[in-house]
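Since the structure comes first, as structure tokens, the remarks are kept for the end.
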Amino acid sequence: MLEQLEKIRQEFAEKINEADNVAEVEKLRVAYMGKKGALTAVLRGMGSLSPEERPKIGQKANEIRDYMESIITSRTRELKEKELEAKLASETIDVTMPGTKRRVGGLHPLNQVIDEMKNVFIGMGYEIADGPEVEYDYYNFEALNIPEGHPARDTQDTFYITEKILLRTQTSSVQIRVMENKKPPIKIICPGKVYRSDNVDATHSPIFHQLEGLVVDKGVTMGDLKGTLEIYAKSMFGSDVKVRFRPHHFPFTEPSAEMDVSCWTCKGEGCSMCKGEGYIEVLGCGMVHPEVLRRCGIDPDVYSGFAFGIGIERTAMARFGVTDMREFFENDVRFLKQF
Ligand code: DAH
């Protein structure tokens, strides 16, 4: 039996030297010292030994067990350290390597301007309204006092889907849709795309953006219109700008006006930005025509209102000093990332 024990010890010693990872060492532990292990089997068989043999064999077996345990512990520690070292070496980060550049997108300059405009009007209690870009002739023209054959249609030629359905030429169509669905008080703005069959050049595009505004309530006056739009101008272009209203004509407002803002570049002196005028036109506006109110079921003897339409490209061009409108639609990242 002593021989058998010695053989087990030798065999174990050889195998543990060959084991080159923690899992293999654990396998050996089970194979020798586990419940069904080789050494365990010997220890179990001790009951059948004679009383003289038992202490000798017992001592030897205990020695071997202690030996195995200590070797397993030291070998495991050794191998764990090795594994950690290998892991650290393979995961080394070279901080001097150039990183992967992630390019971050940004808001389009037109959307930046739209957001600013929205903020100004939301601050004055306006709600945001929406309407379709593919629109009925009725909402785009007819209901806004622009019947068939009216000369105002010539300046707003557009793309027709059918004879009665078109791409809207102005966000003013949303005025009608809002008034049909909601009774006063009404206080909305509607930013959106509009279309006209214009040839592309530095100041024209077949698609552009407008921001429409509409207020209808009892006792709304031209004074409210002027005050509101003056606050808008000062918020957008600076508190020191002056505004000027010039009489104009729009079929759906009476009286109608265009609003100019004193040039924020030259402060009204005259420069290339304002083409020497000192003022820059920024929007059309007026008191909602009684006929338009009546058509939407609102009694013009009880209610009155004002409306305005702001050209967004025009505002963005002035704002950012862009001289060619085409830049906004060409999606050239070198242009866009300036904003
Ligand atoms: N819809 C007009 C245009 O496209 C702009 C406009 C003028 C809108 C006066 C209005 C307004 O609401 O009252 O030229």
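The sequence shown maps to residues 1335 to 1673 in the numbering used here.
We treat Cβ as the ideally placed atom computed from N, Cα and C, and that holds for glycine.
Distance CB(residue i)-CB(residue j) smaller than 8 Å
{"i": "P1525", "j": "K1452", "result": "yes"}
{"i": "T1374", "j": "M1380", "result": "no"}
{"i": "Y1680", "j": "K1552", "result": "Here the chain comprises residues numbered 1335 to 1673, so residue 1680 is not present and cannot be evaluated."}
{"i": "V1550", "j": "I1480", "result": "no"}
{"i": "L1339", "j": "V1376", "result": "yes"}
{"i": "F1640", "j": "M1659", "result": "no"}
{"i": "V1356", "j": "I1350", "result": "no"}
{"i": "F1673", "j": "G1439", "result": "no"}
{"i": "G1643", "j": "L1670", "result": "no"}
{"i": "R1578", "j": "Y1613", "result": "yes"}
{"i": "A1536", "j": "T1657", "result": "yes"}
{"i": "L1689", "j": "I1456", "result": "Because the chain in this structure spans residues 1335 to 1673, residue 1689 falls outside the shown range and cannot be described."}
{"i": "Y1473", "j": "R1437", "result": "no"}
{"i": "V1554", "j": "V1575", "result": "no"}
{"i": "V1534", "j": "I1495", "result": "no"}
{"i": "F1542", "j": "E1647", "result": "yes"}
{"i": "F1346", "j": "L1336", "result": "no"}
{"i": "M1570", "j": "E1476", "result": "no"}
{"i": "F1662", "j": "P1443", "result": "yes"}
{"i": "A1353", "j": "R1409", "result": "yes"}
heavy atom of ligand 1 below 7 Å from residue i C-beta
{"i": "S1590", "result": "yes"}
{"i": "T1562", "result": "no"}
{"i": "G1643", "result": "yes"}
{"i": "F1579", "result": "no"}
{"i": "G1618", "result": "yes"}
{"i": "E1467", "result": "no"}
{"i": "E1546", "result": "yes"}
{"i": "S1506", "result": "yes"}
{"i": "T1537", "result": "no"}
{"i": "F1455", "result": "no"}
{"i": "F1584", "result": "yes"}
{"i": "T1649", "result": "no"}
{"i": "T1555", "result": "no"}
{"i": "T1587", "result": "yes"}
CB contact below 8 Å: residue i versus chain D
{"i": "D1532", "result": "The question asks about chain D, but that chain is absent: this structure has only one protein chain."}
Sequence-distant residues of the same chain with beta carbon closer than 8 Å to residue i, five excluded per side
{"i": "P1589", "result": "M1556, P1581, G1620, M1621"}
{"i": "K1498", "result": "Y1470, D1471, Y1472"}
{"i": "C1600", "result": "M1607, C1608, G1612"}
{"i": "T1434", "result": "none"}
{"i": "C1597", "result": "E1603, G1604, C1605, M1607, C1608, E1611, G1612, Y1613, I1614"}
Cut-off 6 Å between Cβ atoms - residues of its own chain near residue i, not counting five sequence neighbours on either side
{"i": "L1627", "result": "P1634"}
{"i": "E1514", "result": "C1630"}
{"i": "A1372", "result": "I1342, Y1366"}
{"i": "F1586", "result": "L1478, N1479, H1623, V1626"}
{"i": "Y1566", "result": "V1454"}
Close-in-space but distant-in-sequence residues of the same chain around residue i (CB under 7 Å, 5 per side omitted)
{"i": "E1611", "result": "G1604"}
{"i": "E1625", "result": "N1479"}
{"i": "R1530", "result": "Q1490, D1491, T1492, T1503, P1540"}
{"i": "G1392", "result": "M1380"}
Assess, as a yes-or-no matter, whether the stretch 1559-1575 is touched by the stretch 1500-1507 under the definition of 3 or more beta carbon pairs within less than 8 Å. No, the stretch 1500-1507 is not in contact with the stretch 1559-1575.
Tell me, please, whether the stretch 1523-1537 touches the stretch 1464-1472 by the rule of three or more beta-carbon pairs shorter than 8 Å. Here the stretch 1523-1537 lies against the stretch 1464-1472, with 3 or more beta-carbon pairs under 8 Å apart.
Quick one: any contact between the stretch 1490-1499 and the stretch 1425-1442, if contact means 3 or more CB pairs under 8 Å? No, because fewer than three Cβ pairs between the stretch 1490-1499 and the stretch 1425-1442 fall closer than 8 Å, the two stretches do not touch.
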